[in-house]
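There are 4 protein chains.
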Amino acid sequence: MPGDSIGLMFKVTVWGESHGSSIGAVIEGCPPGVELDVENISEQLKRRKPGGSKFVSGRVEQDNFEILSGVFHGKTTGTPISILIKNQGFNKENYTNISEVFRPGHADYTYQAKYGIRDFYGGGRSSARLTAPIVAAGAIAMQVISSQNSITIQAYVKKIGNIEMNTNWCSVKKSDSLGSSIFFPDKQNEKEILRLLENLKEEGNSIGGIVECVIDNIPAGLGEPLFDKLDGDLAKVMVGLNAVKGFEVGNGFSCVELTGLENNDEPTFVDGDVKTLSNNSGGILGGISNGNPIVFRVAFKATPSISQKQNTIDIKGKKQEISVTGDHDVCVAIRAVPVVEALSAIVVCDHLLRFRGQCGNK
Amino acid sequence: MPGDSIGLMFKVTVWGESHGSSIGAVIEGCPPGVELDVENISEQLKRRKPGGSKFVSGRVEQDNFEILSGVFHGKTTGTPISILIKNQGFNKENYTNISEVFRPGHADYTYQAKYGIRDFYGGGRSSARLTAPIVAAGAIAMQVISSQNSITIQAYVKKIGNIEMNTNWCSVKKSDSLGSSIFFPDKQNEKEILRLLENLKEEGNSIGGIVECVIDNIPAGLGEPLFDKLDGDLAKVMVGLNAVKGFEVGNGFSCVELTGLENNDEPTFVDGDVKTLSNNSGGILGGISNGNPIVFRVAFKATPSISQKQNTIDIKGKKQEISVTGDHDVCVAIRAVPVVEALSAIVVCDHLLRFRGQCGNK
Amino acid sequence: MPGDSIGLMFKVTVWGESHGSSIGAVIEGCPPGVELDVENISEQLKRRKPGGSKFVSGRVEQDNFEILSGVFHGKTTGTPISILIKNQGFNKENYTNISEVFRPGHADYTYQAKYGIRDFYGGGRSSARLTAPIVAAGAIAMQVISSQNSITIQAYVKKIGNIEMNTNWCSVKKSDSLGSSIFFPDKQNEKEILRLLENLKEEGNSIGGIVECVIDNIPAGLGEPLFDKLDGDLAKVMVGLNAVKGFEVGNGFSCVELTGLENNDEPTFVDGDVKTLSNNSGGILGGISNGNPIVFRVAFKATPSISQKQNTIDIKGKKQEISVTGDHDVCVAIRAVPVVEALSAIVVCDHLLRFRGQCGNK
Amino acid sequence: MPGDSIGLMFKVTVWGESHGSSIGAVIEGCPPGVELDVENISEQLKRRKPGGSKFVSGRVEQDNFEILSGVFHGKTTGTPISILIKNQGFNKENYTNISEVFRPGHADYTYQAKYGIRDFYGGGRSSARLTAPIVAAGAIAMQVISSQNSITIQAYVKKIGNIEMNTNWCSVKKSDSLGSSIFFPDKQNEKEILRLLENLKEEGNSIGGIVECVIDNIPAGLGEPLFDKLDGDLAKVMVGLNAVKGFEVGNGFSCVELTGLENNDEPTFVDGDVKTLSNNSGGILGGISNGNPIVFRVAFKATPSISQKQNTIDIKGKKQEISVTGDHDVCVAIRAVPVVEALSAIVVCDHLLRFRGQCGNK
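Chains as they are written, first to last, in this note's numbering: chain B, 111 to 472; chain G, 111 to 472; chain D, 111 to 472; chain V, 111 to 472.
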């Protein structure tokens with residue numbers, strides 16, 4: 111049973127492998143009549159692109175995307191939008207040494223175990239390269255959302271290694287994170303992080319990080335109980351993202367130590383809308399948005415691709431030593447920032463259309 | 111677009127409200143010819159039942175379930191299995207005071223915002239009561255799994271408030287957690303927790319907790335990239351569970367501070383199988399099981415239902431004071447233990463059948 | 111992969127076997143706030159019930175249905191509506207002789223071949239008994255439709271054996287078919303049919319028939335290209351119905367002999383709406399409704415259950431002679447009339463909600 | 111809610127418009143390790159291509175397809191197979207006159223009514239051009255089927271206008287239909303049809319036809335009750351195909367005049383398998399294959415695109431006269447033959463994998 115899609119009303123199917131001729135996405139269910147800003151899609155792809163910072167993979171990805179269908183005279187037609195992105199700027203030779211050796215921390219063995227065959231160049235389908243069509247699809251989702259709502263979605267790096275931003279999510283400005291080459295909205299601690307990354311790059315090592323995301327101005331009522339809850343759907347796409355090992359919403363794991371009295375957010379009435387005084391719930395109760403900002407965090411492990419020598423085995427079970435060559439991210443969390451935003455936009459857009467189908471306009 | 115189901119090949123649809131005449135589940139895709147152990151389903155339901163410990167809701171749930179279809183002469187027929195559980199032992203009068211008042215931390219307002227109407231008795235569809243049919247369906251999923259694999263699934267309470275178990279997941283024995291009235295496998299710290307719960311119960315307050323779950327003897331190759339990954343699917347159902355605010359797999363959020371060299375698990379060959387020396391990945395790489403134990407943790411907030419007085423508003427936006435009466439769990443994480451196991455079994459069973467469909471037997 | 115549901119936004123899952131304790135349906139995605147007319151559901155169930163005419167099965171089905179969830183104070187809540195219908199009035203002993211013998215024309219062998227096990231009482235899951243929950247769900251779908259649109263759905267028997275009604279679909283009145291015990295809107299030919307049925311009943315034989323259905327006042331724009339077209343979805347549910355061997359829309363198979371010039375319907379403008387002068391297309395072009403009445407026909411084979419002796423084999427391949435006892439329909443097309451209406455209502459309701467989700471209100 | 115896919119385990123999503131830069135399909139769930147015969151895909155595309163016969167559209171479609179993903183060293187990898195076919199050889203100017211005029215018998219108005227916007231060039235998404243990626247996907251489905259089963263699928267033209275083949279389905283040889291430029295396996299009547307088509311072409315008119323399809327050597331047990339029955343799924347894709355107005359299986363509509371005694375097929379035992387002496391059921395009972403050949407027929411209306419003058423209206427409701435220029439099929443049933451085979455292969459392949467998932471190997 112295939113698992114290449116997210117969304118039900120606004121559905122994105124992603125195909126391709128890292129070093130095939132191209133990769134792409136098919137978007138189904140996009141509402142008709144939305145004027146597409148192609149420039150904006152390009153910009154989002156540029157944000158994700160390796161090479162923007164020296165701490166992300168040096169692979170030159172031009173990401174010249176084409177829209178092959180579903181748009182007529184600049185507007186969406188309601189029929190599938192097919193996006194194609196050419197694969198360029200890679201060197202297959204970097205990967206011949208892994209055709210029969212399992213890289214530690216990578217999906218080489220699991221793909222082999224599942225399918226009995228795998229496209230090993232660049233990790234094939236398990237590569238973070240596949241997030242490019244996700245970002246393009248997310249940009250379109252965001253444009254659909256914006257055509258009817260004032261919802262905003264902003265992600266940024268909250269922590270790298272043990273260095274965390276000093277500000278709270280509610281005081282992060284878009285300009286703060288966009289102004290940083292590592293999407294880190296705290297100027298002061300940024301320097302320390304840059305030093306850390308510099309050192310790790312020299313050592314041929316890598317490090318983990320946390321991305322935080324805030325979805326604001328979202329109407330109450332989005333999310334489908336019992337099983338397609340808004341937080342459940344966000345968790346699914348985020349944990350499914352390359353290198354992610356954890357997801358939390360609102361105060362997350364720290365809620366464990368609080369009593370009910372401490373943790374409950376007090377409902378109140380603001381300008382005709384129900385809001386809560388605090389936001390421990392992270393904007394979601396019973397799996398449905400409550401009108402407060404949705405706040406969640408995603409934990410990324412260190413890139414497993416490091417040039418330092420590691421022990422492993424090959425396909426025959428023989429011990430091998432491996433040094434993963436090629437240009438790799440020192441911290442994947444950085445490049446994940448626009449991807450987290452894109453996935454959020456897809457989930458929110460899908461739930462807006464689902465809501466409209468069952469309950470009418472919102 | 112409805113969201114009442116989990117699973118695609120082994121699919122469970124749950125219907126009902128806390129205080130309706132009954133609740134239930136329809137299981138589709140169950141393989142034919144599996145001898146059902148009805149006693150075992152009962153036992154699982156008993157474990158989830160309030161009243162097992164004095165720190166979970168005192169509601170008397172008999173949970174006499176009936177299987178209405180899909181079983182013939184004791185064996186599954188491959189057609190839908192309909193499970194019905196009568197709702198009993200509740201007092202609707204406990205809830206008349208919340209018909210127009212939003213309980214803090216509950217889904218009262220979000221259901222109202224979504225549907226414009228809500229069954230307020232006992233929280234209606236948002237009640238943890240709905241986990242009873244999940245547990246019954248999970249027991250059947252586990253029996254299907256066991257008919258062909260030696261997979262084991264074990265959950266237990268790892269932490270309540272700030273008191274954590276002292277043992278590591280790999281040394282927890284089934285008997286340790288089953289022997290504890292609060293499913294906590296550390297005899298020493300258990301006493302401290304019991305004191306904490308006793309105090310909170312007296313105060314009319316509640317507390318959060320963490321449940322850990324280990325899925326062992328699972329074959330490599332389960333999970334569907336790009337979007338129906340095994341960890342993504344587990345995250346979705348766990349985060350979608352009542353009161354959950356976080357999910358992590360393997361070393362989870364703590365991976366953030368590790369370098370690639372520290373975090374990568376070294377592949378090795380054990381008895382003809384690929385395994386890893388450490389298990390930071392928690393048994394999943396690239397969204398696919400790698401044959402090591404799957405280990406994940408779920409963070410539960412404190413039950414929002416507390417008898418202490420809280421400020422809130424009513425449906426008209428007027429300020430109100432509320433004290434949530436009735437018998438409520440001091441710590442919902444306790445009762446969630448069999449539910450986490452049940453949801454895990456459903457996800458694993460579904461992926462086993464998906465694997466068999468696409469790739470043949472495993 | 112289970113196939114027990116129809117619809118995506120308005121989704122109906124049907125469970126149960128002919129002679130189990132009960133059968134039922136779970137309706138997901140029903141819009142909230144619709145006042146349910148329970149009496150009307152009962153009436154629809156009565157129309158389907160054997161015993162209404164002496165030419166349908168004599169089994170006494172009380173069809174006392176219960177709504178177990180999803181309705182609060184008489185209104186739908188937007189959450190799943192679970193319907194339960196008790197199985198009564200049957201005699202299991204009629205079926206012991208078929209536990210190991212395959213009835214000709216029945217699904218006995220195919221269920222055995224698929225699942226390796228089958229509930230043989232009354233045909234188990236393959237029984238037309240399962241259309242009862244479909245009729246109940248269809249009645250609810252129709253009420254949802256009527257809460258917002260003036261769409262009407264009317265089916266009737268058009269032909270039994272070689273005796274056909276003399277009137278055209280556009281001049282059939284609801285009262286004509288409701289006034290007939292066999293839902294046949296042509297008083298004159300009705301007598302001839304009744305004689306035919308009388309004779310067949312005496313002989314212990316049965317006969318086929320055609321049901322025609324007209325969906326009127328349907329807005330243009332319903333149906334999803336490329337694969338969930340409105341005619342495709344109707345074809346799927348109708349051909350999937352017990353004993354159906356053919357489906358056609360508009361002029362159907364007779365279109366084959368017409369030229370393009372003869373067959374094309376001329377568009378014209380009526381009261382501000384686009385209509386066509388003729389309706390060879392049957393109200394659907396490119397899989398999408400065009401605002402004209404949707405007209406389709408469904409061909410039912412003769413009930414395979416006949417008391418005349420037939421040759422067959424048993425589960426071991428040994429030749430056997432069989433006479434199917436019990437009360438059986440002389441012509442299943444009669445009892446299928448409300449089922450065809452119910453399935454149509456479910457398909458239309460689903461497409462209305464799908465349309466609203468993607469394109470806004472209609 | 112999008113409807114651009116068929117299949118659940120073997121899933122094909124088709125995107126594109128007639129006169130966009132390209133069209134394509136994404137195949138998900140293809141089993142890994144199948145050696146792909148690319149030449150065979152080309153051949154199937156050539157059979158569908160206009161220009162093969164002078165009675166199908168004269169548009170020159172090169173149909174040079176590319177496989178962009180999912181294949182590694184000539185074998186399928188189990189990940190999505192993306193197929194791209196360039197659109198060439200068309201003249202957009204043929205269509206400027208229909209930008210605001212509704213062609214009779216076409217989907218121009220219904221797309222406008224649904225989406226409020228439409229790509230009018232060549233009919234956009236409603237064009238039969240979209241059957242090219244279906245044929246490519248079907249060729250791959252057939253290769254997957256053949257890698258494990260000896261199932262054969264053969265379609266041919268049974269009737270055009272009022273001229274029908276004189277042979278029965280069970281005596282049609284593959285060579286007979288492949289040897290005919292119009293896929294008509296009856297040499298004698300072929301001449302008469304060719305004369306008819308010649309005349310219609312001169313007049314600028316068109317004609318309908320029936321395609322019959324036989325699926326042989328299919329194992330018993332495929333098809334999912336209650337709603338994803340094998341005949342229901344075939345009906346859905348066939349009726350959803352351009353210009354189709356009817357579908358029947360086995361003896362189809364003619365079953366109506368037969369009694370149960372006449373219509374029931376007698377089960378018998380042949381070489382260890384259950385078969386039936388006659389095949390009125392068309393190889394399907396209760397929606398599940400019974401091991402006999404599956405036989406069905408599909409009725410195609412005459413191409414609505416004719417050069418003879420017709421009355422119609424424009425987007426403003428004003429009367430217009432239209433003559434549809436460009437090269438168009440005299441009888442679309444001809445070109446539909448490989449499409450019917452392709453859709454059948456996709457449905458069968460999907461059900462084989464669904465069966466394997468739930469019930470094990472077949």
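Every residue gets a Cβ at the ideal spot worked out from N, C-alpha and C, and that includes glycine.
Check                                                                                                                                                                                            : Outcome
Do you know how far the Cα of Phe-212 of chain B is from the Cα of Gly-234 of chain B?                                                                                                           : 13 Å
Rounding to the nearest angstrom, what Cα-Cα distance links Cys-365 of chain D and Lys-355 of chain V in this structure?                                                                         : 8 Å
Strictly below 9 Å CB to CB, what residues from chain V border Pro-142 of chain G?                                                                                                               : Gln-468 and Cys-469
By the three-class DSSP mapping on this structure, what secondary structure does Pro-377 of chain B have?                                                                                        : strand
Between the C-alpha atoms of Leu-332 of chain G and Val-324 of chain G, what's the straight-line distance to the nearest angstrom?                                                               : 16 Å
Using alpha carbons as the reference points, say which of D:Gly-188, D:Ser-192, D:Phe-182 and D:His-183 lies closest to Phe-175 of chain D.                                                      : D:Ser-192
Are Gln-420 of chain G and Glu-376 of chain B touching if we call contact CB-CB under 8 Å?                                                                                                       : yes
Under 8 Å by Cβ, that's how I've got Asp-341 of chain G and Ile-394 of chain G pegged, so tell me the actual separation to the nearest angstrom.                                                 : 5 Å
So which residues of chain D does Leu-463 of chain B contact, with C-beta pairs closer than 8 Å?                                                                                                 : Gly-467 and Gln-468
Apply the 10 Å Cβ neighbour rule to Asp-381 of chain G and answer buried if 16 or more other Cβ atoms are within range, or exposed otherwise.                                                    : exposed
Might you give, ordered along the chain, the residues of its own chain that have their beta carbon closer than 7 Å to the beta carbon of Gly-314 of chain G, omitting 5 neighbours on each side? : Ile-416, Ser-417 and Gln-418
Can the beta-carbon of Ile-227 of chain D be found less than 8 Å from the beta-carbon of Gly-143 of chain G?                                                                                     : yes
For the stretch 311–324 of chain D, enumerate the residues whose C-beta is nearer than 9 Å to any C-beta of chain V, in chain order.                                                             : Glu-313, Gly-314, Asn-315, Ser-316, Ile-317, Gly-318, Gly-319 and Ile-320
Does Leu-288 of chain V pass the burial test, meaning 16 or more other C-beta atoms within 10 Å, or should it be called exposed?                                                                 : exposed
Is Thr-220 of chain V closer than 8 Å to Ala-345 of chain D when the C-beta atoms are compared?                                                                                                  : no
For Gly-134 of chain V, report the span of its beta strand (DSSP E) as first-last.                                                                                                               : 132–138
Which term fits Leu-387 of chain G, buried or exposed, when burial requires 16 or more other beta carbons within 10 angstroms of its beta carbon?                                                : exposed
Between the Cα of Thr-262 of chain D and the Cα atoms of D:Asn-327, D:Thr-277 and D:Ser-290, which residue gives the shortest distance?                                                          : D:Asn-327
Quick one: does the C-beta of Pro-190 of chain G sit closer than 7 Å to a heavy atom of the ligand COA?                                                                                          : As far as ligands go, the structure on display features none, and thus does not contain the ligand COA.
So the alpha helix (DSSP H) Asn-299 of chain V belongs to, where does it begin and stop?                                                                                                         : 297–313
Compare the beta carbon distance of Thr-422 of chain G and Pro-295 of chain G with 8 Å and say whether it is the shorter of the two.                                                             : no
List, in order along the chain, the chain D residues whose C-beta lies closer than 8 Å to that of Val-359 of chain V?                                                                            : Val-349, Lys-355 and Gly-356
DSSP three-state label for Ser-287 of chain V, please.                                                                                                                                           : helix
Are Ile-292 of chain B and Leu-146 of chain B closer than 8 Å when you measure CB to CB?                                                                                                         : no
Taking Ser-290 of chain B as the reference, which of B:Phe-357, B:Arg-157 and B:Val-124 has the closest Cα?                                                                                      : B:Arg-157
Which of the three DSSP states is assigned to Glu-451 of chain B in this structure?                                                                                                              : helix
Would you verify that the beta carbon of Met-119 of chain D is, or is not, closer than 8 Å to some beta carbon of chain B?                                                                       : yes
For Ile-292 of chain B, which three-state DSSP category applies?                                                                                                                                 : coil
Would you say Arg-235 of chain B faces chain V, with C-beta separation under 8 Å as the test?                                                                                                    : yes
What residue does the beta strand (DSSP E) around Asn-421 of chain B start on, and which one ends it?                                                                                            : 420–423
Measure the C-alpha to C-alpha separation of Gly-396 of chain V and Val-359 of chain D and round it to an integer number of angstroms.                                                           : 23 Å
Using a Cβ cut-off of 8 Å (strictly closer), state whether Phe-200 of chain V contacts chain B.                                                                                                  : no
Looking at the secondary structure, which residues open and close the alpha helix (DSSP H) in which Lys-156 of chain G lies?                                                                     : 148–158
For a quick check, are the C-beta atoms of Ile-255 of chain D and Cys-459 of chain D less than 8 Å apart?                                                                                        : yes
Does Leu-178 of chain D come within less than 8 Å of chain G when only Cβ atoms are used?                                                                                                        : yes
Does the distance from the C-beta atom of Gly-319 of chain V to that of Phe-379 of chain V stay below 8 Å?                                                                                       : no
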